[in-house]
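Working notes for the structure below.
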Amino acid sequence: MDALNPTMPPAAVEPPPLPPRVWKFWGTALWGLFIFGAMFVGQVAVIVYCVLLQGGPLSVEGITHVVADGLTISLSVLAGLPMVLLALWVAIRTTRIPFADYLGLRWTSSKNIIIGIVAMAVLIGGWDMVSRAAGREVLPGFMGDVLKSAQADGALWLLVIAFAGAAPVWEELFARGWLYRGWSESRLGPYGAILLSALVWTLMHLQYDWFFLCEVLSIGLLFGYLRYRTGSTWLTIVLHGLNNLAATIQTWWLTG
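If you want it as structure tokens, here you go:
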């Protein structure tokens with residue numbers, strides 16, 4: 170009769186905790202727009218600040234002039250990293266899954282790293298051979314201009330950190346971490362997620378022409394497949410960083 174005793178109320182029964190959940194196709198897509206928007210805002214804020222700092226007009230012409238500057242590009246790329254991390258934390262927090270687990274931030278074996286490096290080298294080497302055979306430049310021309318501009322400002326080291334460090338981290342966390350995780354557990358399945366996330370990642374590189382976009386797409390497919398086979402986003406981050414570092418060194422060498 171304790172339940173009827175007002176001095177001894179029944180013990181409160183706590184509801185069971187909600188189970189973890191993964192955002193599926195539309196949740197991943199909509200949150201993906203939010204994450205990309207956060208990155209865009211961070212980069213634009215840096216560009217606007219650089220325009221105002223140089224005393225230029227806040228117009229299309231003024232922004233275009235500043236965007237071609239190697240120092241500004243480096244700072245804007247670096248600014249994208251904390252914005253993406255913050256937006257990812259907000260999106261993942263509601264899933265009740267640890268941040269690292271959701272994004273596949275687990276290390277992999279040295280064997281997988283070697284396989285990834287070899288596969289990437291073969292793929293990019295093949296594209297370089299096709300490019301030379303077609304009489305095209307091996308690297309996009311604007312990369313040489315950006316590198317020269319950064320070198321003239323004494324910011325070459327910052328450009329290397331941005332291109333080979335910050336950009337690979339936030340791009341891979343977004344494409345092979347966030348997009349792949351959610352879409353692979355939707356009706357798309359792993360292979361559909363590999364293809365769609367690679368397409369989205371390619372669209373993030375519209376500064377290139379169609380030839381280099383095709384190369385970017387093929388690299389995205391390789392990274393997606395490695396993410397699927399190893400379950401490690403750290404692997405694709407390392408490979409992405411090595412690729413960007415090699416491209417930066419190659420550009421520096423070819424431009425003298």
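Add 169 to a position in the sequence shown, counting from 1, and you land on the number used in the numbering used here. Backbone N, C-alpha and C define an ideal beta-carbon position, used for all residues, glycine too.
Beta-carbon proximity of residue i to residue j, cut-off 9 angstroms
| i | j | result |
| --- | --- | --- |
| H409 | P337 | yes |
| L274 | T402 | yes |
| Y397 | A362 | yes |
| L395 | L404 | yes |
| V407 | I282 | yes |
| L221 | L342 | no |
Rounded C-alpha distance that separates residue i from residue j
| i | j | result |
| --- | --- | --- |
| G239 | A290 | 27 angstroms |
| W352 | G393 | 12 angstroms |
| W347 | I261 | 9 angstroms |
| A269 | G304 | 44 angstroms |
| T417 | W258 | 31 angstroms |
| L328 | Q320 | 9 angstroms |
| L414 | A288 | 17 angstroms |
| S318 | S355 | 44 angstroms |
| L375 | A237 | 15 angstroms |
| F209 | T264 | 24 angstroms |
| G285 | G400 | 13 angstroms |
Cβ-based neighbour list, residue i, same chain, cut-off 7 angstroms, excluding 5 preceding and 5 following
| i | result |
| --- | --- |
| L250 | A335, V338, W339 |
| S485 | Residue 485 lies beyond the stretch modelled for the chain, which goes from 170 to 425, so this question has no answer here. |
| A324 | G239, L240, S243 |
Among the options, the one whose alpha carbon lies nearest that of residue i
| i | options | result |
| --- | --- | --- |
| G350 | L272, D297, T241 | Inspection of the sequence shows that residue 350 is occupied by Arg rather than by Gly. That would be L272, whose Cα lies nearest to the Cα of R350. |
| L430 | V287, A198, M312 | No answer is possible for residue 430: it lies beyond the span of the chain, which begins at 170 and ends at 425. |
Cβ neighbours of residue i in the same chain (closer than 6 angstroms, five flanking residues each side left out)
| i | result |
| --- | --- |
| W370 | A344, G389 |
| W296 | E384 |
Contacting residues, own chain, Cβ-Cβ under 8 angstroms from residue i (five flanking each side not counted)
| i | result |
| --- | --- |
| S300 | E306, V307, F380 |
Checklist entry - Is the number of C-beta pairs between the segment 377-388 and the segment 280-299 that are closer than 8 angstroms three or more? => result Verdict: yes, contact present.
Item to check | Sufficient close CB pairs (3 or more, under 8 angstroms) joining the segment 196-204 to the segment 274-284 | outcome: no
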